[in-house]
Amino acid sequence: MNYFLANTFHKKKFSFKKLISIFVIIFIIIVSWYLKNINSPFDKNNSEKINFKIKNGQTAKQIAQNLEDEKIINSNLAFYLYIRLNKLSTNLKSGLYKLSPSENVKSIANQITEGKNRQGIITIPEGYTIRDIDKLLTQEGLINENNFYNCTKTCDFSNFKFLANPKFLEGYLFPDTYYVDPVNFDIKAFINLLLRTFEKKLLAVYEKSNSNRSLNDVVKMASIIEKEVRTEKDLAIVSGILWKRLDNDWYIGADATLLYLAKDKEITKDELEDNNPYNSRKIKGLPPTAIGNPGEKTFNAALNPTETDYWFYLTVPGTGEVKYAKTNEEQNINREKYL
Numbered sequence: 001m002n003y004f005l006a007n008t009f010h011k012k013k014f015s016f017k018k019l020i021s022i023f024v025i026i027f028i029i030i031v032s033w034y035l036k037n038i039n040s041p042f043d044k045n046n047s048e049k050i051n052f053k054i055k056n057g058q059t060a061k062q063i064a065q066n067l068e069d070e071k072i073i074n075s076n077l078a079f080y081l082y083i084r085l086n087k088l089s090t091n092l093k094s095g096l097y098k099l100s101p102s103e104n105v106k107s108i109a110n111q112i113t114e115g116k117n118r119q120g121i122i123t124i125p126e127g128y129t130i131r132d133i134d135k136l137l138t139q140e141g142l143i144n145e146n147n148f149y150n151c152t153k154t155c156d157f158s159n160f161k162f163l164a165n166p167k168f169l170e171g172y173l174f175p176d177t178y179y180v181d182p183v184n185f186d187i188k189a190f191i192n193l194l195l196r197t198f199e200k201k202l203l204a205v206y207e208k209s210n211s212n213r214s215l216n217d218v219v220k221m222a223s224i225i226e227k228e229v230r231t232e233k234d235l236a237i238v239s240g241i242l243w244k245r246l247d248n249d250w251y252i253g254a255d256a257t258l259l260y261l262a263k264d265k266e267i268t269k270d271e272l273e274d275n276n277p278y279n280s281r282k283i284k285g286l287p288p289t290a291i292g293n294p295g296e297k298t299f300n301a302a303l304n305p306t307e308t309d310y311w312f313y314l315t316v317p318g319t320g321e322v323k324y325a326k327t328n329e330e331q332n333i334n335r336e337k338y339l
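Heads up: the sequence shown at position 334 corresponds to 334 in this note's numbering, and the numbers run straight through without jumps.
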């Protein structure tokens, strides 16, 4: 009996040692694999720089997978482990990077956690005003508050001949995604970029259209309908309604023009009665300037309105659905029903 127990213990002891040996071997294999993948580049002979974008909010796992998909690193798992083991997950910085397959994981991780050679990504939404853009750039840490706004008033943009007034840029700062140098951000150069993008994307469209409307009027109208409705179909219909009102010496009657100056983004009774030039319910014609910076869809809608029998419209709160009317009586019925 004692011999049996001793023999069993010996076998268990042997099995335990064997198990430890197996674990050690596996551990060595894993560590060797890990070290090889973080120290060896994907292709040491390929020094080509590849544009690699990291978006705001992307996780370490997503970035690792994208790096592997772009053939910049060998293993997304090795990269992810390196980031986690070195507690770098919270240091990942969004932006556009120039990365090479000849760099190893350590080098790449160093660049995207320290922001080296990074181009920042700035997305200006359609309809943003100059004040909105100023606030966005301030929040991104690129400028001090009001620096952008002040430059639109004091910097010289007279070389852009399409501007009705180079001191009033509202409407001409094209909303898009831009890559900037966060370290050497130049406000005037950035505004020049926005104006050149407008010139390239919208001025070219306007010039081909042979429109009998002035560019400035089209920009103003586009900025209004940008704030009034959402869908491409509705943009063109509302554009037709507002142009028709304008051409027939009606008040445009768009709340969006009043909201441009409203301090709390809500229209008060006093503001409705105010004779300021942006009150399109009291003053005929288009406002003195655009009330935001329109995108391509709204610009095209302002340039190519849809003609209908409608004279009135309203947007249903919550759903954004637009209800149209041919007469004031029909409009009042819609108001009772949907507002």
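No residue lacks a Cβ here, since even glycine has one placed at the ideal position from N, Cα and C. Just so you know, these numbers come straight off a predicted model, no measurement behind them.
Nonlocal neighbours in the same chain, by C-beta distance under 7 Å from P277, ignoring five residues either side: Within the same chain, P277 has close Cβ partners I283, P287 and P288.
Assigned secondary structure, I252 (DSSP; H/G/I helix, E/B strand, else coil): Under the three-state reduction of DSSP, I252 is assigned to coil, being neither helix nor strand.
Under the three-state DSSP convention, the category L246 falls into: In the structure shown, the three-state DSSP call for L246 is helix.
Per-residue DSSP class, three states only, for Q58: Three-state result, Q58: coil.
C-alpha gap between K233 and G295, whole angstroms: Approximately 15 Å, taken between the alpha carbons.
The beta strand (DSSP E) enclosing F198, as first and last residue numbers: Taken as a continuous stretch (DSSP letters only), F198 belongs to no beta strand (DSSP E), being part of the alpha helix (DSSP H) at I187 to F198.
The region 202-219 contacting the region 256-274, beta-carbon criterion three pairs below 8 Å: The region 202-219 vs the region 256-274: no contact.
Pick from A109, N91, T90 and T59 that is closest to K98, judged by C-alpha positions: Among A109, N91, T90 and T59, the Cα nearest to that of K98 belongs to A109.
Assigned secondary structure, I291 (DSSP; H/G/I helix, E/B strand, else coil): Taken through DSSP and simplified to helix, strand or coil, I291 comes out as coil.
Own chain residues within Cβ distance below 7 Å of Y149, not counting five before or after: The answer, listed in chain order, is I130, R131 and D134.
One or two residues paired with Y324 in a DSSP bridge: The bridge partners DSSP lists for Y324 are Y313.
Candidates S223, R245, I22 and N293, of which the one nearest G285 by Cα: Restricting attention to S223, R245, I22 and N293, the CA atom closest to the CA of G285 is found in R245.
7 Å Cβ shell around T197 - same chain, five flanking residues per side excluded: Correct list, in chain order: F174 and D176.
For I108, the three-state DSSP class (helix, strand or coil): Three-state DSSP puts I108 in a helix.
C-alpha distance - D181 paired with I333, whole-angstrom precision: Between D181 and I333, the alpha-carbon positions lie close to 54 Å from each other.
Alpha carbon of N66 to alpha carbon of E103, nearest angstrom: Approximately 16 Å between the Cα atoms of the pair.
Range covered by the alpha helix (DSSP H) that runs through T152: Looking at the DSSP string, the run of the alpha helix (DSSP H) that includes T152 is N147 to T154.
Bounding residues of the beta strand (DSSP E) (the contiguous stretch that carries T123): Where T123 is concerned, the enclosing beta strand (DSSP E) starts and stops at G120 to T123.
Proximity of R281 and G253 at Cβ, strictly below 8 Å: Yes. Within cutoff.
Collapsed DSSP secondary structure at K233 in the structure displayed: Looking at K233 - three-state DSSP - the assignment turns out to be helix.
Simplified DSSP assignment, three categories, for L96: In the structure shown, L96 falls within a strand segment according to DSSP collapsed to helix, strand and coil.
Within 8 Å, strictly: CB atoms of L195 and F168: Pairing L195 with F168 gives a Cβ-Cβ distance that is not under 8 Å.
Pair within 8 Å by beta-carbon distance, A325 and I225: The Cβ atoms of A325 and I225 lie no closer than 8 Å to each other.
Integer Cβ distance of I267 from Y310, believed to fall under 8 Å: Wrong, their Cβ atoms sit about 23 Å apart, outside the cutoff.
Contact belief for I72 with I50 at Cβ below 8 Å, rounded distance in angstroms: The pair is a contact, with the Cβ atoms about 6 Å apart (cut-off 8 Å).
Buried versus exposed call for S239 [16 or more other C-beta atoms within 10 Å across all chains shown]: The C-beta of S239 has 16 or more other C-beta atoms within 10 Å across all chains shown, which makes the residue buried.
Extent of the continuous alpha helix (DSSP H) to which T298 belongs: E296 to L303 is the span of the alpha helix (DSSP H), which, as asked, contains T298.
Beta-carbon proximity check, V105 vs I38, cutoff 8 Å: The answer is yes: Cβ separation under 8 Å.
Where the beta strand (DSSP E) through T177 begins and ends: Counting along the chain, the beta strand (DSSP E) containing T177 begins and ends at T177 to V180.
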